[in-house]
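A.B. asks: First, the structure itself, so that you have it in front of you.
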Amino acid sequence: MKKLLLSLFLLMPALAWAQASDLVSELTRDHVDITARYTGDSITLFGAMSGPGQVVVKVRSPDQPVALERKGEVGPLWLSQGKHDITGTPGLYYLLSSAPIDDILPAAVREANGLNLSDALKNMKLEPAPEDAAARQTLVDAMLRLEQARSHYVVDPKAVEIFGGRLYSAVINLPAKLPLGQYAVEIYLVRDGHVVATEQRRIEVHEVLMEHWISSVATNHSWTFGVIFSLGMMLLGLFLGMVLGRSKKN
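As structure tokens, then:
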């Protein structure tokens, strides 16, 4: 009940905006700060429509390279038979809607607007390249299953709530591991099997600079980080010893 009341409170001003436009949208926040304590986040998208309809929200992150291991049956065992490096695919791809997308939009409209989950892999590049089209499709299907299992590629037909035929809201839940960069949020208003209006928003995901520097040095220059950390601790100990020594004399 509290969640519903909060959503309605946030959405009420949007009714006035919708008088001049078929669709208006806003985010409670347009950025996410990644720190060492980050374990996930959620951002609410809300807005208003000029009249009744269905709403589809597509969230796409920047591309994220992935390594996909290919296994095959060798006797009684399943062993690795190679690895493919994959580029050109988003690290996160959400299709959130107020009703099943397949029910409210025909295939041609879904394809034209990139509203199929498989559209996330349209620009997928594989190295080494598969031998033929069938082998490529097998890898595409495997990649899709992998990202769905990780909850990085999500289709949720109940994620968007509509209130009174005019207001809507959706919670965008972000996982613990996120690609950095600018996320595209596209909102579609659907009526009678057609997309009648669209809106676009952006979410910036970035690391806090100091924590990013520490993380980068610790990962890429572990020996240097160890030396700097040890020297820092020695200097801190020396400083505290001097301060405590003076305090005892006084």
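In this note's numbering, the protein residues as written are 17 to 266.
All C-beta atoms, glycine included, are put in the ideal place defined by N, C-alpha and C.
Remember, predicted model here, so these are calculated numbers, not experimental data.
#1: Thinking C-alpha only, which one of K141, V71, S58, E42 is nearest A213?
#2: Between which two residues does the beta strand (DSSP E) harbouring L155 extend?
#3: Our contact map puts P173 next to P116 with C-beta atoms below 8 Å; I'd like the distance itself, whole angstroms only.
#4: Would you kindly check if the distance between the Cβ of K141 and the Cβ of G104 is under 7 Å?
#5: Taking L111 and L133 to be in contact with their CB atoms under 8 Å, please state how far apart those CB atoms are, rounded to whole angstroms.
#6: Assuming I59 contacts I219 under a Cβ cut-off of 8 Å, what Cβ separation, rounded to an integer in Å, is found between them?
#7: Can you pull the DSSP bridge partners for N189?
#8: What distance in whole Å lies between the Cβ atoms of S185 and L61, which are believed to be in contact at a cut-off of 8 Å?
#9: Compare the beta carbon distance of G69 and S41 with 7 Å and say whether it is the shorter of the two.
#10: Under the three-state reduction of DSSP, which class applies to D208: helix, strand or coil?
#11: Nearest-angstrom Cα distance between G67 and L108?
#12: In the structure shown, what three-state DSSP assignment does V224 receive?
#13: Is M140 helix, strand or coil when you go by DSSP?
#14: Going by C-alpha to C-alpha distance, which of A128, M159, R182 sits closest to E85?
#15: Name the DSSP beta bridge partners of V201, please?
#16: Any idea what DSSP makes of G63, helix, strand or coil?
#17: Indicate the three-state DSSP secondary structure (helix, strand or coil) for A83 in the structure shown.
#18: Are the CB atoms of L196 and V176 within a distance shorter than 7 Å?
#19: Per DSSP, L39 is paired with what?
#20: Among D157, E163, G56, S113, which has the Cα closest to the Cα of P81?
#21: Where does T103 sit, in a helix, a strand or coil, going by DSSP?
C.D. replies: Reading off the structure:
#1: V71
#2: It is not in any beta strand (DSSP E) - L155 instead sits in the alpha helix (DSSP H) that spans 149-165.
#3: 4 Å
#4: yes
#5: 6 Å
#6: 7 Å
#7: S58
#8: 7 Å
#9: no
#10: coil
#11: 31 Å
#12: coil
#13: coil
#14: M159
#15: V75, R217
#16: strand
#17: strand
#18: no
#19: M65
#20: E163
#21: strand
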